[in-house]
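Colleague:
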Amino acid sequence: MIDQASGLRKMQDLRQIKVIAVSGGKGGVGKTNVSLNTAISLAKQGKKVLVLDADLGLANVDVMLGLRVQKNIAHVLSGDCELDDIIIEGPAGIKIIPATSGTQSMVDLTPSEHAGLIRAFSDMQTDFDVLIVDTAAGISDMVLSFARAAQDVMLVVTDEPTSITDCYALMKLLSRDHGVFKFKVVANMVRSPKEGQQLFAKLTKVTDRFLDVAIELVAVVPFDENIRKSVRKQKAIVDAFPDSAASKAFSELASKINSWPIPNRPSGHLEFFIEQLLEQ
């Protein structure tokens, strides 16, 4: 581990990027939809965006966009190829690192395999400004690792008791055990802006009472039948229905993200993100 970390420090090109982990605890809250539509909206606003499908056992980023994948992260771990070799291009020029689907070994990575995966980032030649990590559902070690290492943790929550409870549990674990105390919240699939504010208020009520964290509502994405239609078309809603209410919400979220500062310290560099993960 020490040799790996010191090797990363020797890299000549320190890349200042935004690293955003998108999570939420519960499955089915629209996390991947949020990740992809935000990424495409950022690209349309001039950013070079890389999306990491970090659901290593149940990949779905490529499926949602109807993209053909020749090789995935499993091939990188086996030494078959480099990370740059598996990157595919998506809408608006976003780049995607595809995971594998239905492979149990990818869910249960050994510490050395986990380190090997993250170390592969240090050799990347692909240029990008923003890395969006679409984490798996739940609160596995991998989910916690990516969230801990990212500059910003964006939690997707819906107006369901299970979603609010799981989101709270994730914040509790990250704040108690991993030193993460700031969270961005996306209220997803709500019926109105007011419902989004009420959902955030419910979350704030429990976090203020039991946790020492700061949470910020960064987007209210309305329930939109066009999302279901776009999924069936294997397209992102911002492409399939650009004038829809949800698309406008994603565009506004992308504009906000563009205003988030990159830390003027090591955490603003890709290498810091990698080393944060290696340290674990």
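According to the numbering used here, the sequence shown is numbered sequentially starting from 2.
For every residue, glycine included, the Cβ atom is placed at its ideal position computed from N, Cα and C.
No experiment lies behind these values; they were computed from the predicted model shown.
(1) Which whole-angstrom value describes the C-beta separation of Ser42 and Val221, a residue pair presumed to lie in contact below a C-beta threshold of 8 Å?
(2) When the Cα atoms are used, what is the spatial distance from Ser7 to His76?
(3) Note down the Cα distance separating Arg149 from Thr205, rounded to an integer number of angstroms.
(4) Put Ser24 into one of helix, strand or coil per three-state DSSP.
(5) Kindly indicate which residue of Phe122, Leu37 and Gly26 has the alpha-carbon position closest to the one of Thr159.
(6) Rounded to whole angstroms, what is the Cα-Cα separation between Leu156 and Asp81?
(7) Consult DSSP for Asn189 and reduce its assignment to one of helix, strand or coil.
(8) Of the choices Arg233, Pro162 and Ser231, whose alpha-carbon is the least far from that of Phe201?
(9) Reducing DSSP to helix, strand and coil, say where Thr111 ends up.
(10) Helix, strand or coil, according to DSSP, for Ile18 in the structure here?
(11) Rounded to the nearest angstrom, what separates Gln152 and Phe274 at their Cα positions?
(12) Report yes or no: do three or more beta-carbon pairs, one from the stretch 210 to 228 and one from the stretch 189 to 201, lie closer than 8 Å?
(13) Which residue comes first and which comes last in the beta strand (DSSP E) that contains Val221?
(14) With DSSP as the reference, identify every bridge partner of Phe274, one or two as the case may be.
(15) For Ile41, does the three-state DSSP call read helix, strand or coil?
Modeller: On the basis of the supplied data:
(1) In the sequence shown, residue 42 corresponds to position 41, counting from 1. In the sequence shown, residue 221 corresponds to position 220, counting from 1. Contact doesn't hold; Cβ gap of about 15 Å is too wide.
(2) Within the sequence shown, the letter at position 6 stands for residue 7. Within the sequence shown, the letter at position 75 stands for residue 76. For Ser7, the pLDDT reaches just 40, beneath the cut-off of 50, and the residue's location in the model is therefore unreliable, leaving the point undetermined.
(3) For the purposes of this step, residue 149 is taken as residue 148 along the sequence shown, with counting starting at 1. For the purposes of this step, residue 205 is taken as residue 204 along the sequence shown, with counting starting at 1. Looking at the two C-alpha atoms, the distance is approximately 21 Å.
(4) By one-based count along the sequence shown, residue 24 stands at place 23. Correct three-state label for Ser24: strand.
(5) Residue mapping note: residue 159 aligns to position 158 of the sequence shown, counting from 1. It is Gly26.
(6) As a first step, residue 156 must be located in the sequence shown, where it is residue number 155. As a first step, residue 81 must be located in the sequence shown, where it is residue number 80. Near 34 Å, if we compare the C-alpha coordinates of Asp81 and Leu156.
(7) If you number the sequence shown from 1, residue 189 lands on position 188. DSSP places Asn189 in strand when its eight states are reduced to three.
(8) Within the sequence shown, the letter at position 200 stands for residue 201. Put simply, of Arg233, Pro162 and Ser231 the residue whose alpha carbon is nearest the alpha carbon of Phe201 is Pro162.
(9) Here residue 111 corresponds to residue number 110 of the sequence shown, with the count starting at 1. Correct three-state label for Thr111: coil.
(10) Along the sequence shown, one-based indexing puts residue 18 at 17. Ile18 falls in the coil class under three-state DSSP.
(11) Residue 152 sits at position 151 when you count from the first residue of the sequence shown. Residue 274 sits at position 273 when you count from the first residue of the sequence shown. Computed Cα separation, rounded: 8 Å.
(12) Per the Cβ contact rule, the stretch 210 to 228 is in contact with the stretch 189 to 201 (3 or more Cβ pairs under 8 Å).
(13) Along the sequence shown, read from residue 1 onward, the residue named residue 221 stands at position 220. Start and end: Ala215 to Pro223.
(14) Residue mapping note: residue 274 aligns to position 273 of the sequence shown, counting from 1. By DSSP's assignment, Phe274 forms no beta bridge with any residue.
(15) Counting from one through the sequence shown, the residue named residue 41 turns up at place 40. If DSSP states are grouped into helix, strand and coil, Ile41 belongs with the helices.
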